[in-house]
Amino acid sequence: MFSKLILQHVRFRKELCSFKLSTFTSSRIPCIEKKSASGECISRVSHNEKHYLTTPIFYVNAGPHIGHLYSAVLADCLCRYKRLRGFKSKFSTGTDEHGLKIQQAAADAGKDPLVFCTEVSESFKDLFKTFNISYTDYVRTTEERHLRAVSHFWKILFDKGFIYKGSYEGWYSIPDESFLTESQITSSHDKNGNPIKVSLESGHQVEWMKEENYMFRLSEFRISLIHWLQEHPRVIQPERFHHIVLRWLEEDLPDLSVSRQRSRLNWGIEVPGDPEQTIYVWLDALINYLTVAGYPEEHADWSGVTYHVVGKDILKFHAIYWPAFLIASGLPLPQAIYVHSHWTANGLKMSKSLGNVVNPHEKSQRFTVDGLRYFLLRQGVPDTDCDYYDDKIVKLLNSELADSLGGLLKPLHRLEAINQCVRLTNGFVQRHAPWKLNRNDEHDLRCVFGILLQPVIPVLADRLLDRLSVESSERTWDDLAFLRKYKGGYCPFEGRALGPDTGVLFCRLDRLEAMKTSMKSKKY
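Just so we're aligned, residue 1 is where the sequence shown starts under the UniProt record's numbering, counting upward by one.
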């Protein structure tokens, strides 16, 4: 993760010029500037270069939890990094508000579906505001602009012959909003001991369903998808998820049901020209990425530079169904799909029945917003599920934010400060002997830490840079000036007076209190 890169800068455990940005990047960053053929240093990124990053849109059958926040923080960190590098970035998130599950949840709550969706959608907006998720677009699938985009996209697929009307019979999971094949289900028993069929992936009960609806010719796109993945081996990251999708494609793809009978599902977008059918929720939801890009009128500038952040549970929808829809419509495919795993709580899967669902609002009150952001980015491993417990976050934040980073700002005597700088940068200096330490180095390096930490902990990073009197206009990738200094260039930070704030950057956390909280959660 990007925060691990920053920590390595802070501790100087690896050579500065050989880091990978994160598990999610496709290239190394050999240096902050590169040279042209003439040897002159030039900027890496054109300031007109565009980058469109998305989170999945979140289903509003229930309020947000830490898994939703993890997706949003991952995307936010990546987007902030791109902005730091000078990209013109669009960053979208939002809520998925159609489908049978929403229809039933609203009925259970005794509310109109749109009222129900609006209330839950606002809770997601509130979460993102609290955690400084810097999205540029928030989309709801109940918006008029999205209805227009979905209807137009459907007509394109239908007119090209990729959608046809037929009869579908098979297993259907209401919680997953998906049809399943025999190989995707298994036998089980309900709480009363009655035999049932459940999804192998989610464990949710499935029911046999037969109805007339519209089908998408997914079977025709298997070879095209295989070629796409083989020709772009890093389009799905981390690598193990790329291999998972290729294994799925070893088997034939059945045609995909893309509508439901209106009599069964009325909370959704009506099929154009057929008032008795409702567009299947996953086709509807995936088109949100085009809606935000301005489809169908003004999408050309953004649809070809799209990067998705998704959880592993929706990988098939984004790595098989969505690319197939795009190929069929003649639109560009995603540049990359970044996949992350899930969070458990004290070793157990989070669930309402166990009472162990981690509420990010509650945790931010104890660990701060930036503290929780840092923990998720620092400890989250995209390849595998990660475990959350309070004692772990206390240890991490005390060690790395309060002690390692905060310690750099302690008001010490000049000689003590130089000695501390020498200790912290000893390994760095040994590997970069031409870069001699002087009494300004510590200040320069702290400026670098602050600039690089902005995507991870934006509030703390701003406080650090304010303390160092770094102007808001001096906080981009091009302002990492300490490298230019050693090439004989001007360093704007040298000799500048520090800012007036001399307080503690990040207060140490009470480990004992966290342990008590953690023990209480284990009782459920």
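Note that the Cβ used here is the ideal one computed from N, Cα and C, for glycine as well. For clarity, every value in this text was computed on a predicted model and none was experimentally measured.
- Message: So, for residue 77: in the same chain, excluding its five sequence neighbours on each side, which residues have a beta-carbon less than 7 Å away from its beta-carbon?
- Response: Here residue 77 refers to the residue found at position 77 of the sequence shown. Closer than 7 Å at the Cβ level, and outside the excluded window around residue 77, lie 2, 377, 455, 456.
- Quick one: is residue 482 buried, meaning 16 or more other Cβ sit within 10 Å of its Cβ, or exposed? Reading the sequence shown from its first residue, position 482 is the one you call residue 482. Confidence at residue 482 is low in this model, with a pLDDT of 49, below 50, so its placement is unreliable and no value can be given for it.
- Message: Judging by CA-CA distance, which residue of 258, 103, 226, 274 is the nearest neighbour of residue 243?
- Response: Locating residue 243 in the sequence shown gives position 243, counting from the first residue. The residue from 258, 103, 226, 274 with its alpha-carbon nearest to that of residue 243 is 226.
- Message: Could you tell me the alpha carbon to alpha carbon distance between residue 451 and residue 94, rounded to whole angstroms?
- Response: The residue given as residue 451 occupies position 451 in the sequence shown. The residue given as residue 94 occupies position 94 in the sequence shown. Rounded to the nearest angstrom, the two C-alpha atoms are 28 Å apart.
- Contact under 8 Å by Cβ, residue 71 with residue 139: Sequence index remark: in the sequence shown, residue 71 carries index 71 (1-based). Sequence index remark: in the sequence shown, residue 139 carries index 139 (1-based). No, these two residues do not count as a Cβ contact at 8 Å.
- Query: The beta strand (DSSP E) spanning residue 120 covers which residue range?
  - Reply: Position 120 of the sequence shown holds residue 120. First-last for residue 120: 113-130, but that is the alpha helix (DSSP H), not the beta strand (DSSP E).
- Message: Can you confirm whether the region 216-230 touches the region 178-188 when touching is taken to mean that 3 or more C-beta pairs between the two stretches lie within less than 8 Å?
- Response: Counting Cβ pairs under 8 Å, fewer than three are found: no touch.
- Task: Run through the region 218-303 for me and flag every whole beta strand (DSSP E) of 3 or more residues, listed as ranges in chain order.
- Result: Scanning the region 218-303 from its first residue to its last, the whole beta strand (DSSP E) runs of 3-plus residues come out as 259-261, 274-279.
- Query: Any contact of the region 291-299 with the region 114-128, i.e. 3+ C-beta pairs under 8 Å?
  - Reply: Taking a contact to require three or more Cβ pairs closer than 8 Å, the region 291-299 and the region 114-128 do not qualify as touching.
- With distances taken between CB atoms, is the gap from residue 52 to residue 307 smaller than 8 Å? To locate residue 52, count along the sequence shown from 1; it is residue 52. To locate residue 307, count along the sequence shown from 1; it is residue 307. In this structure, residue 52 lies near residue 307, with their beta-carbon atoms less than 8 Å apart.
- In whole angstroms, what separates the C-alpha of residue 101 from that of residue 281? Walking along the sequence shown from the start, residue 101 turns up at place 101. Walking along the sequence shown from the start, residue 281 turns up at place 281. Computed Cα separation, rounded: 10 Å.
- Completely contained beta strand (DSSP E) runs for the region 166-223, where each covers 3 or more residues: Within the region 166-223, the complete beta strand (DSSP E) runs of at least 3 residues are 178-180, 185-189, 195-199, 205-216.
- Nearest to residue 468 by alpha carbon, out of 448, 331, 476, 478? For this step, residue 468 is matched to residue 468 along the sequence shown. The option with the nearest alpha carbon to residue 468 is 448.
- Query: Are residue 218 and residue 324 closer than 8 Å when you measure CB to CB?
  - Reply: The residue you call residue 218 lines up with position 218 of the sequence shown. The residue you call residue 324 lines up with position 324 of the sequence shown. Yes. Within cutoff.
- Nonlocal neighbours in the same chain, by C-beta distance under 7 Å from residue 145, ignoring five residues either side: Working through the sequence shown from its first residue, we reach residue 145 at position 145. Taken in chain order, the residues that qualify are 291.
- Query: From residue 350 to residue 367, what does the alpha carbon distance come to, in whole angstroms?
  - Reply: Position 350 of the sequence shown, counted from the first residue, corresponds to residue 350. Position 367 of the sequence shown, counted from the first residue, corresponds to residue 367. Cα to Cα, the separation comes out at about 20 Å.
- Classification of residue 320 by the beta-carbon crowding that lies within 10 angstroms, buried from 16 upward: For the purposes of this step, residue 320 is taken as the residue at position 320 of the sequence shown. Looking at its Cβ environment, which holds 16 or more other Cβ atoms inside 10 Å, residue 320 is buried.
- Query: Short check: CB of residue 289 to CB of residue 309, under 8 Å?
  - Reply: In the sequence shown, counting from the first residue as 1, residue 289 sits at position 289. In the sequence shown, counting from the first residue as 1, residue 309 sits at position 309. No, the Cβ-Cβ distance between residue 289 and residue 309 is not below 8 Å.
- Query: Would residue 284 pass as a contact of residue 268 if the rule is Cβ separation under 8 Å?
  - Reply: Your numbering for residue 284 matches position 284 in the sequence shown. Your numbering for residue 268 matches position 268 in the sequence shown. A contact, by the Cβ cut-off of 8 Å.
- Does DSSP put residue 158 in a helix, a strand or coil? Stepping through the sequence shown from its first residue, residue 158 is reached at position 158. In the three-state reduction of the DSSP assignment, residue 158 falls in the helix class.
- Indicate the three-state DSSP secondary structure (helix, strand or coil) for residue 506 in the structure shown. Taking the first residue of the sequence shown as position 1, residue 506 is located at position 506. Under the three-state reduction of DSSP, residue 506 is assigned to coil, being neither helix nor strand.
- Task: Give a yes or no on whether the minimum CB-CB distance between residue 403 and chain B is below 8 Å.
- Result: Absent from the structure: chain B. Only one protein chain is present.
- Message: I'd like the span of the beta strand (DSSP E) that includes residue 137, first residue to last.
- Response: Here residue 137 refers to the residue found at position 137 when the sequence shown is read from its first residue. It spans 137-140 - the beta strand (DSSP E) in which residue 137 sits, taken as one unbroken run.
- Item | Beta-carbon spacing of residue 564, residue 507 below 8 Å | The structure shown does not extend to residue 564, since the chain is modelled only from 1 through 524, so no value can be given for it.
- Straight-line CA distance for residue 279 to residue 300? The residue you call residue 279 lines up with position 279 of the sequence shown. The residue you call residue 300 lines up with position 300 of the sequence shown. Spanning the two alpha carbons is a distance of roughly 25 Å.
- Note the first and the last residue of the continuous beta strand (DSSP E) segment covering residue 90. The residue given as residue 90 occupies position 90 in the sequence shown. Per DSSP, residue 90 belongs to the beta strand (DSSP E) from 88-96.
- Message: Using only the alpha-carbon positions, how far apart do residue 189 and residue 357 sit?
- Response: Taking the sequence shown and counting its residues from 1, the one referred to as residue 189 is at position 189. Taking the sequence shown and counting its residues from 1, the one referred to as residue 357 is at position 357. If you take the alpha carbons of residue 189 and residue 357, they lie about 25 Å apart.
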